[in-house]
Amino acid sequence: MNAPRPPGFPFELRRLPAELPIWHAAVDAAQWLAAARSVRESGARLVSLWGTDRRDAEGGALGVSAAYALREGLVWLDLTLPEEAPSYPDLAGLFPSAERMQRATADLLGIHAAGSEDTRPWLDHGVWTECHPLRCDAVPNPVPAARDYAYVRVEGDGVHEIAVGPVHAGTIEPGHFRISVVGEKVLRLEVRLGYAHKGIARRFTQLPALDAHRLAGRVSGDSTVAFAWAYCMALESAAGCAPPRRALWLRALMLERERVANHLGDLGALGNDCAFTFGLAQFSRLREDWLRLSMQAFGHRLMMDGVVPGGVAHDLDADMPERVYRQCDAIEAEVHALRAIYDEHAGVQDRFVTTGRVTPELAAQLGLTGLAGRASGQAADLRCDQPWPPYDQLQVRQAGHRNGDVAARVAVRFDETFEALRLIRALCAEQPVGPVRADVALPGRPAIGAGWVEGWRGEVFVALELDAGGAIRRCHCHDPSWHNWPAIEHAAIDNIVPDFPMINKSFNLAYSGHDG
């Protein structure tokens, strides 16, 4: 709780009682814009932007919020909007990733960024006409009708447009890709998402706060531990509850196992995308073994519902740490051998190297985050930058690269797998004793809390507001894919069409977690 106060904010910041340094402040429109400029000039970044309708509370109004990541921690700013003109200063000119968040906020709440250049709907595919589903007085549109979306057209001799999705041939989630090409060279890619929108934010308000961790864990199935931990961190922050040390140790163990499982799956899928099916077969075998032990240790292959308010659902059996330790040794030896095969295979390297490049300069401009950001020179990892328990005892070694191509993103996955295996062994060797869950008492007054966790894909953020009765007024869950989807559009340019699936897989961004 002794972290230094972030500079550049000439107004009062209140430190939230969280495991990470997180501050909150209410601002006016001038302070909102000045703070954004200060953050941009300092080289810090936007984490998330979202809106809230508080009009059902006495003196409440529509509002917009932004969260920024700084060296000193995270700053959450709230701006109350006037009822007669619910708009706020545009942030997309400072943070390009804000554009789609602002468009989604306009769809959900009918509040707009003044001066925004792109006002096309994002989540609304035509069925919400005249209805903003997160407003307190929202009434479903009785006659939904889909409408055309104004894609940016590329014109010229020989230009052809390829439309892919939103329904795909495989098990991929729905997303539409509009690819403009000359021959096989990609001139432009435009991505349209929102097809997996499930109304999660509204559903949160219908659930008891002590049960909603289960919904958070289903925002993105491959990041269930990260989202559940971020939600529980936010709830525990709002309630002033500190989980037991052993519970935090078990959460970290699950988070690192989630990281390894996803990296193993992606490394195999990337081999498959360049016709190296041997890689897919071997990594799929390793991932299956990994998931089976997770099932035995935590009761679920993906460890869903393992993280609960106040701690974890259950403890490990006495022999499990030793079994997990031995599995890490066995997996590490095989992954080392497979990395040598990938690195020495001329066909694989021909497809990986220079493909889908995002330069460090472009990555910084776009706010690229997570493993994709680290592969493009963006050295940010909460486990290193803001180590919360038990990461403050583990001295995490951050993976990184500067080439920003498929090969770099593959290299970061390998390096992060080996580091996660080291962390898991360290967690197994040093086990705190004690309870695995503490009681969480809701505060009985309006309260806010925030959770911020480095998932395998990048930083997961949850902002939680409780009313005086302990009910959820707003729970905003933010997936790192919001920042990284625009980067894929740039990464595809000047590559050939057959490389696009591999570029897409090298990022492996969420559809469901992004759409919410």
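In terms of numbering that gives the first Met the number 0, the sequence shown has 447 at position 448, counting the first letter as 1, and numbering is strictly consecutive. No residue lacks a Cβ here, since even glycine has one placed at the ideal position from N, Cα and C. In this text the structure is predicted, and so the values were computed from the model without any measurement.
How do the region 425 to 440 and the region 475 to 489 stand: do at least 3 beta-carbon pairs fall below 8 Å, yes or no?
no
Here's a check: name, in chain order, each residue in its chain whose Cβ is nearer than 7 Å to the Cβ of Ala28, leaving out the five neighbours to either side.
Once the five neighbours on either side are set aside, the close Cβ partners of Ala28 are Leu78, Tyr87 and Pro88.
With distances taken from CA atoms, which of Gly193, Gly58 and Tyr67 is nearest Gly7?
Tyr67
Look up Glu160 in the DSSP assignment and say whether it is helix, strand or coil.
strand
Extract the residue ranges of the beta strand (DSSP E) inside the region 29 to 112, only unbroken runs of 3 or more that lie entirely within it.
Qualifying beta strand (DSSP E) stretches, in chain order: 44 to 52, 61 to 69, 72 to 79 and 86 to 88.
Going by DSSP in three states, Trp22 sits in which element: helix, strand or coil?
Under the three-state reduction of DSSP, Trp22 is assigned to strand.
Pull up the distance between the alpha-carbon of Leu32 and that of Ala91, whole angstroms please.
11 Å
Taking only three categories from DSSP, how would you classify Glu154?
coil
Using three-state DSSP, classify Cys383 as helix, strand or coil.
helix
Contact under 8 Å by Cβ, Ala149 with Arg119
yes
Three-state secondary structure assigned by DSSP to Lys184:
Lys184: strand per DSSP, three-state reduction.
Proximity to Asp342 [Cα-Cα], best of Arg99, Ser236, Ala406 and Thr128
Ala406
Quick one, which of Glu415, His313, Asp265 and Leu361 has its alpha-carbon nearest Pro500's?
Asp265
Taking three-plus beta-carbon pairs below 8 Å as touching, is the region 289 to 299 in contact with the region 343 to 356?
no
Select from Ala238, Glu11, Arg4 and Gly42 the residue whose C-alpha is nearest the C-alpha of Ala378.
Gly42
What whole-angstrom Cβ distance do Cys474 and Ala200 have, given they're in contact under 8 Å?
7 Å
Nearest by alpha-carbon distance to Asp380: which of Asp288, Glu453 and Leu263 is it?
Nearest C-alpha to Asp380: Glu453.
Out of Val126, Ile161 and His167, state which residue places its alpha-carbon closest to the alpha-carbon of Asp147.
Val126
Does Arg4 come out as helix, strand or coil in the three-state DSSP assignment?
In this structure, Arg4 counts as coil in the three-state DSSP scheme.
Whole-angstrom Cβ separation of Leu252 and Glu331, contact assumed at under 8 Å?
About 16 Å separates the two Cβ atoms, so there is no contact after all.
In the structure shown, what three-state DSSP assignment does Ala211 receive?
Ala211: coil per DSSP, three-state reduction.
Between the CA atoms of Pro139 and His344 - distance to the nearest angstrom:
Rounded to whole angstroms, His344 to Pro139 spans 55 Å at the Cα level.
Compare the Cα-Cα distances from Thr204 to each of Thr170, Leu133, Leu107 and Arg177 and report the closest residue.
Leu133
May I ask you to report which of helix, strand or coil DSSP gives Val395?
Coil at Val395, not helix or strand.
Roughly how many angstroms lie between the CA atoms of Pro308 and Gly450, to the nearest whole one?
12 Å
Spatial neighbours of Leu301 within its chain, please: CB distance less than 6 Å, with the 5 preceding and 5 following residues excluded, ordered by chain position.
Thr223
Just to confirm, are Ala490 and Val334 a CB contact at a threshold of 8 Å?
No, these two residues do not count as a Cβ contact at 8 Å.
Note down the Cα distance separating Gln25 from Leu192, rounded to an integer number of angstroms.
Note that residue 25 corresponds to Ala in the displayed sequence, not to Gln. Ala25 and Leu192: Cα-Cα distance of roughly 32 Å.
Taking Gly448 as the reference, give the member of Val461, Trp455, Asp318 and Leu315 with the closest Cα.
Val461
Nearest candidate by alpha-carbon position, reference Leu186, set Asp156, Val166 and Leu209
Asp156
Taking Cβ to Cβ, would you say Ser511 is nearer than 8 Å to Ser219?
yes
Return the Cβ separation of Leu107 and Pro85 in integer angstroms, given the expectation that the two are a contact with Cβ distance under 8 Å.
Wrong, their Cβ atoms sit about 12 Å apart, outside the cutoff.
Is it right to say Thr104 is buried, meaning 16 or more other beta carbons lie within 10 angstroms of its own, or is it exposed?
buried
I'd like to know whether the C-beta atoms of Phe176 and Val190 end up nearer to each other than 8 Å.
yes
On the CB-based measure, 16 or more other CB atoms within 10 Å of its CB, does His167 come out buried or exposed?
exposed
Going by DSSP in three states, Arg408 sits in which element: helix, strand or coil?
helix
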